[in-house]
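**Student:** Just so you know, the protein sequences line up as chains A and B, in that order. Residues in the first sequence are numbered consecutively from 0, following numbering that gives the first Met the number 0. Residues in the second sequence are numbered consecutively from 0, following numbering that gives the first Met the number 0. I have a structure here, written as structure tokens, and I will follow up with some questions on it.
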Amino acid sequence: MLEAGTRRWQARLMLGLFLMPAVLWLVSLIILPHLDLAILSFRERVAPREYRASLEQYRTFFAEPLYWHIFVRTALMSAIATLLTLLIAFPIAWTIAKLLRGRASSLLFVVCLIPFWVSETVRTLGWMILLRESGVLPSLLVKLGITDVPIELLYRDSTILVGLVYTSLLFMVVPLVGSLESLDNALIEAAYDLGASGWSVLRKIVIPHAAPGITAGCIVVFMMTLGNYLTPTLLGGKNSQWFTEQIYTQFITRFNWEQGAAFGFLLLLLSTSMVWVGLRLTGQRFGEVMRRS
Amino acid sequence: MRRLLATILSLAVLASGGARADDAKRLRIISWADYVPAELIALFKKETGIQVEVTLSNNEEMISKLRATGGAGFDLAQPSQDRILAAQREFGIYKPIDLTKVKLDQFVPTLLETVRKNTTLDGKAYGLPYLWGTDGIVINTKKAKAADYLDLCKPELKGKTAVRLKRPTMMAFAFALGKDPFALYGDVKAYSALMDEVGKTMIACKANLKFFYDNKDQLLNGIRSGEVTAAMMWDTGGWVLNRENPDIQYVAPKSGALGWLDTFALPAKGRNDAGAYAWINFTMRPEIAAKITHVVGSFTASKGADQLADAKLKAQFAASLPDAALKNIKWYPAIPPGLEEIEGRVLDRVKAAN
């Protein structure tokens, strides 16, 4: 009796020890800093080294239309980037999961993976070399006679989208491949045998089966784009207007940690609610999505 | 469990550089690009045995990094002289300089006096002069014409100019509009109105800009490749380009070049003050300071070092900043607290404008 109790206690201790790194990580690097930021966001500077509790930071956000504008713009652009990523990643995932076998399939997967062997900075700088006015693509266009003078392809909204889609492609492909691989080919064949068109097979069989993978990919990509700093800043230049840039600016160049913290929480709120709305609209459950992908 | 925690803690301390015995053997400097030449690091190491470690930064980042740690992590910082007082009042990130440990007779007295005036708080000195220079316009004379800051907004230069989205640009535009922003430092209301006006001018000018640059190389490459033909830039960058291509020149704008002066300041929790003082005294020796000028292209606060500068640089300096332009330099006074918040709002508006 006593022995069993000791053993159970030991098992619990072991479990605790195993969970320790995760718990330490969560508490010391995520929960504590967020608490600190929350407190920061609810105070206001009145004089040097003198602060008081206030809602001023959040009020500023709603009172200044320009912060609103950037906030909404970031959300919209992220949603568009997510959709584009899905449209481009789906055929790739389909090819990897269903059309190719063995070596060819792994090869295509590796091809998708290779760009991620270098850091995001290098990848983005690569785009800059390709697209800048004196860069590779504009001079190619001139040589081919498509444009008379080199045109600037950087610093446009579409450039930001290209960079964002490129950066997040892999994170859409992986969950999609996972969910498509588990789809039984017999189902598709049966549907065709019963006279279904390609479109209705996609709509009634493939997409419902892949829904958790699609949702998981979309969530990951949306959060990554929304929180991306480097790509919009470098590729968007003077017109990037990304919300994370606003947060950086408030913290680093304005020394206004209070405002920056408030912006950070608003962004967190935005991504959480967008994910929630997305799950609601598609009728998915978060736990289910994360397990299936 | 307790032992595990202790191990983790000690590992963390080690990782954060807590090997205290070594503190006297290294000097961590946070500074601008090129300000601490590799040649000097080697010379200093040979002379004192102290290893210098450099972190590249700019004014805002220096303040933010030191604020985040309460002034720890670095033993010496090099902010501009106008950015010390407000940061010290707000965040207490520096410690006073013990002037008895500094060879003050090595410094140019006028520069020493300017910095002392702008960085003294409660009777204590927080800064010593290091390097100075000016902000003006760099133009490719074959492809563009510009005599003042606002010429960067002229339609014939559309898509070919660049400025920073920072306060120096606002000051420059204010002077170019015929106003004196420094005279309004004490009058928040009038200053705010002036900044609104400057903001409107910058928004109108935005379509003309290729980009807002935020590092030296971005601008240098833009000008070298011909994508940018005129830009607001500091003198040394212009002189570097001029050596590569004589068509590119640095000119002092009609409304006055902006004079900046970067300093030595001691972070509040620096661990090697002795090393920092040794470095300050070392770099201000005329022959050492001349080496710095050779690398950076800017003149130092070291007395007699400017005589040792090479002839090319002296000629460039004389061509860009003739006596009249030299007299017309607008030196930054210390920024009173609160102004940067006003400027920040305006800069945000410029950034968000289409």
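Positions of the beta carbon are idealized from the N, C-alpha and C atoms, including for glycine.
1) By how many angstroms is the C-alpha of residue 245/A removed from the C-alpha of residue 33/A?
2) Assess contact between the stretch 89-107 of chain B and the stretch 222-238 of chain B, defined as three or more Cβ pairs (one per stretch) separated by less than 8 Å. Is contact present?
3) Could you run through the stretch 261-289 of chain B and flag, in chain order, every residue whose CB is less than 7 Å away from some CB of chain A?
4) Could you tell me whether the stretch 203-217 of chain A touches the stretch 127-139 of chain A, where touching means 3 or more Cβ pairs closer than 8 Å?
5) According to DSSP, is residue 46/A part of a helix, a strand, or is it coil?
6) Given that residue 166/A touches chain B, what residues does it touch there, using C-beta distances under 9 Å?
7) Throw me the rounded Cβ distance for the residue 84/B and residue 333/B pair, which I believe falls under 8 Å.
8) Should residue 254/A be flagged as near chain B, meaning a C-beta pair shorter than 8 Å?
9) Are the C-beta of residue 347/B and some C-beta of chain A separated by less than 8 Å?
10) For residue 236/B, decide whether its Cβ has a neighbour in chain A, counting only Cβ atoms nearer than 8 Å.
11) Kindly indicate if chain A contains any beta-carbon less than 8 Å away from that of residue 341/B.
12) Could you name the residues of the same chain whose beta carbon sits closer than 6 Å to that of residue 356/B, not counting the 5 residues immediately before and after it, in chain order?
13) Since residue 176/B contacts residue 160/B with CB under 8 Å, what's their CB separation in whole angstroms?
14) Under 6 Å Cβ to Cβ from residue 206/B, same chain only, skipping five residues before and after it: list those, please.
15) Closer than 9 Å between beta carbons: that is the criterion. Which residues of the stretch 169-198 of chain B meet it against chain A?
16) Using the three-state DSSP reduction, which class does residue 31/B fall into: helix, strand or coil?
17) Mind checking residue 234/A: buried by the 16 CB within 10 Å criterion, or exposed?
18) Taking Cβ to Cβ, would you say residue 55/B is nearer than 8 Å to residue 349/B?
19) Are the CB atoms of residue 44/B and residue 283/B nearer to each other than 8 Å?
20) Please return the same chain residues whose Cβ sits closer than 7 Å to the Cβ of residue 256/A, not counting the five positions on each side in sequence.
21) Report yes or no: do three or more beta-carbon pairs, one from the stretch 33-41 of chain B and one from the stretch 290-305 of chain B, lie closer than 8 Å?
22) Could you tell me which chain B residues have their CB closer than 8 Å to the CB of residue 56/A, listed as they occur along the chain?
23) Enumerate in chain order the residues of its own chain whose CB-to-CB distance from residue 169/A is below 6 Å, with the five nearest sequence positions on each side excluded.
24) Among 238/A, 209/A, 47/A, which has the Cα closest to the Cα of residue 86/B?
25) Mind pulling the chain B residues with CB within less than 9 Å of residue 48/A?
26) Taking residue 243/B as part of the alpha helix (DSSP H), name the residues at either end of that continuous run.
27) What ranges does the alpha helix (DSSP H) occupy inside the stretch 100-158 of chain B, keeping only unbroken runs of at least 4 residues that lie completely in it?
28) For residue 258/A versus residue 69/A, is the C-beta spacing smaller than 8 Å?
29) Got a sec: does the ligand ATP put a non-hydrogen atom nearer than 7 Å to the Cβ of residue 61/B?
30) Measuring straight from C-alpha to C-alpha, what distance separates residue 77/B and residue 30/B?
31) So, is the C-beta of residue 202/B closer than 8 Å to a C-beta in chain D?
32) What residues of chain B sit near residue 283/A, judged by a beta carbon separation below 8 Å?
33) Just the Cα atoms here: how many angstroms apart are residue 141/A and residue 150/A?
34) According to the neighbour-count rule (16 or more other Cβ atoms, all chains shown, within 10 Å of its Cβ), is residue 91/A buried or exposed?
35) Of all the CB atoms in chain A, is at least one closer than 8 Å to the CB of residue 243/B?
36) Quick one: is residue 271/A buried, meaning 16 or more other Cβ sit within 10 Å of its Cβ, or exposed?
**Tutor:** Reading it off the structure:
1) About 18 Å.
2) Counting Cβ pairs under 8 Å, fewer than three are found: no touch.
3) Those would be none; no residue qualifies.
4) Contact fails: fewer than three Cβ-Cβ distances are below 8 Å.
5) Correct three-state label for residue 46/A: strand.
6) The premise fails here: residue 166/A is roughly 21 Å from chain B at the closest Cβ pair, so nothing lies under 9 Å.
7) Right, their Cβ atoms sit about 5 Å apart.
8) Yes, its Cβ sits closer than 8 Å to a Cβ of chain B.
9) Yes, contact with chain A.
10) No - not a single Cβ of chain A is within 8 Å of the one on residue 236/B.
11) Not closer than 8 Å to any Cβ of chain A, the Cβ of residue 341/B fails to qualify, so no.
12) Residue 356/B is absent from the model: chain B starts at 0 and stops at 353.
13) About 17 Å; that fails the 8 Å criterion.
14) Contacts found: none.
15) Listed by position, the residues of the stretch 169-198 of chain B near chain A (Cβ gap below 9 Å) amount to none.
16) Residue 31/B falls in the coil class under three-state DSSP.
17) Its Cβ being crowded by 16 or more others within 10 Å, residue 234/A is buried.
18) Going by C-beta atoms, residue 55/B is not nearer than 8 Å to residue 349/B.
19) It is not a contact, given that the beta carbons lie outside the stated cut-off.
20) Once the five neighbours on either side are set aside, the close Cβ partners of residue 256/A are 39, 250.
21) Because the criterion of three Cβ pairs below 8 Å is met, the stretch 33-41 of chain B and the stretch 290-305 of chain B touch.
22) Within chain B, no residue comes near residue 56/A; the closest Cβ sits about 13 Å away, beyond 8 Å.
23) Excluding positions up to five away in sequence, the list reads 111, 115.
24) Distances from the alpha-carbon of residue 86/B to those of 238/A, 209/A, 47/A put 47/A closest.
25) Residues of chain B passing the Cβ test: 88, 89, 90, 91.
26) Its alpha helix (DSSP H) spans residues 234-243.
27) Segments of the alpha helix (DSSP H) lying fully in the stretch 100-158 of chain B: 108-118.
28) Taking 8 Å as the Cβ cut-off, residue 258/A and residue 69/A do not qualify as a contacting pair.
29) For the ligand ATP, the structure offers nothing, since it holds no ligand at all.
30) Going from the Cα of residue 77/B to the Cα of residue 30/B covers about 5 Å.
31) The structure shown contains no chain D; the protein chains it does contain are A and B.
32) Neighbours of residue 283/A on chain B: none; closest Cβ ~35 Å, over 8 Å.
33) Rounded to whole angstroms, residue 141/A and residue 150/A show a C-alpha spacing of 9 Å.
34) With 16 or more Cβ atoms within 10 Å of its Cβ, residue 91/A is classed as buried.
35) False, the Cβ-Cβ gap to chain A never drops below 8 Å.
36) When all chains shown are included, residue 271/A counts as exposed.
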